[in-house]
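Visitor:
In our numbering, the protein residues as written are 1 to 147.
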């Protein structure tokens, strides 16, 4: 974390938060290339509307009984295990780029989730997670009365 003189409430401080995030991602990327990591597996897309979020995860080759999904407030955690393919005896590996092993993704959503209505569907290696927004967190229209 870099030392910052700016007040955390100022717009200029957004620059430092973005800089720290970029620095963390770059460092993590270099370490991942050197030592391997599951920090970016599974790859995800996160889509939001006013009252819901949809998270799409690419999990080809992962059995659904090896996937755990947890939601608390505005944090979604996806963890599981992708088994390594069986190789015949005497097979030599020249390159291995396809991830296998345990993985864990933790995603911060822009709102708290109604945990009772979360649903997930797995089709052809793609996991779709539907996350409805809590009713009390939805924007409310305020009517204006005349004087």
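Note that beta-carbon positions come from the ideal geometry of N, C-alpha and C, so glycine has one too.
Note that this is a predicted model, so its numbers are computed, not measured.
Across the segment 51-67 and the segment 81-95, are there enough close Cβ pairs to call them in contact, namely three or more that are closer than 8 Å?
Guide: Cβ pair count under 8 Å is three or more, so yes.
Visitor: Decide yes or no for the touch test of the segment 11-26 against the segment 109-120: beta carbon pairs closer than 8 Å, at least 3 of them.
Guide: With the cut-off at 8 Å, the segment 11-26 and the segment 109-120 do not touch.
Visitor: Are three or more beta carbon pairs between the segment 134-141 and the segment 87-104 nearer than 8 Å?
Guide: As far as the Cβ criterion goes, the segment 134-141 does not touch the segment 87-104, which means the pair count is below three.
Visitor: For residue 131, count neighbouring Cβ atoms within 10 angstroms of its own Cβ and tell me buried if that reaches 16, exposed if not.
Guide: As a first step, residue 131 is located in the chain shown; it is residue number 131 there, counting from the start. Buried: at least 16 other Cβ atoms inside 10 Å.
Visitor: Determine, using beta carbons only, whether residue 114 and residue 54 come nearer to each other than 8 Å.
Guide: Here residue 114 corresponds to residue number 114 of the chain shown, with the count starting at 1. Here residue 54 corresponds to residue number 54 of the chain shown, with the count starting at 1. Not in contact: residue 114 and residue 54 (Cβ atoms no closer than 8 Å).
Visitor: What number of angstroms, rounded off, separates the C-alpha of residue 105 from the C-alpha of residue 146?
Guide: The sequence position of residue 105 within the chain shown is 105, counting from 1. The sequence position of residue 146 within the chain shown is 146, counting from 1. Whole-angstrom Cα-Cα distance: 50 Å.
Visitor: Assuming contact is defined by CB atoms lying nearer than 8 Å, are residue 52 and residue 139 in contact in what I supplied?
Guide: Mapped onto the chain shown, residue 52 falls at position 52. Mapped onto the chain shown, residue 139 falls at position 139. No, these two residues do not count as a Cβ contact at 8 Å.
Visitor: Looking at C-alpha atoms only, which residue of 103, 89, 48 is the closest neighbour of residue 69?
Guide: Residue numbering aside, residue 69 sits at position 69 when the chain shown is read from its first letter. Residue 69 has its Cα closest to that of 103, out of 103, 89, 48.
Visitor: Taking the straight line between their C-alpha atoms, what separation do you get for residue 14 and residue 119?
Guide: Residue mapping note: residue 14 aligns to position 14 of the chain shown, counting from 1. Residue mapping note: residue 119 aligns to position 119 of the chain shown, counting from 1. Their backbone Cα atoms lie some 34 Å apart in a straight line.
Visitor: Determine the closest residue to residue 44 out of 125, 86, 97, 18, with distance taken between C-alpha atoms.
Guide: Counting from 1 along the chain shown, the entry for residue 44 is found at position 44. Measuring from the Cα of residue 44, the nearest candidate turns out to be 125.
Visitor: Note down the Cα distance separating residue 42 from residue 75, rounded to an integer number of angstroms.
Guide: Counting from one through the chain shown, the residue named residue 42 turns up at place 42. Counting from one through the chain shown, the residue named residue 75 turns up at place 75. Residue 42 and residue 75: Cα-Cα distance of roughly 16 Å.
Visitor: Could you tell me the alpha carbon to alpha carbon distance between residue 78 and residue 98, rounded to whole angstroms?
Guide: The count along the chain shown starts at 1 and reaches residue 78 at position 78. The count along the chain shown starts at 1 and reaches residue 98 at position 98. Roughly 19 Å separates the two Cα atoms.
Visitor: If I'm right that residue 122 touches residue 48 with Cβ under 8 Å, what's the distance once you round it to whole angstroms?
Guide: Position 122 of the chain shown, counted from the start, is the residue given in the question as residue 122. Position 48 of the chain shown, counted from the start, is the residue given in the question as residue 48. About 21 Å separates the two Cβ atoms, so there is no contact after all.
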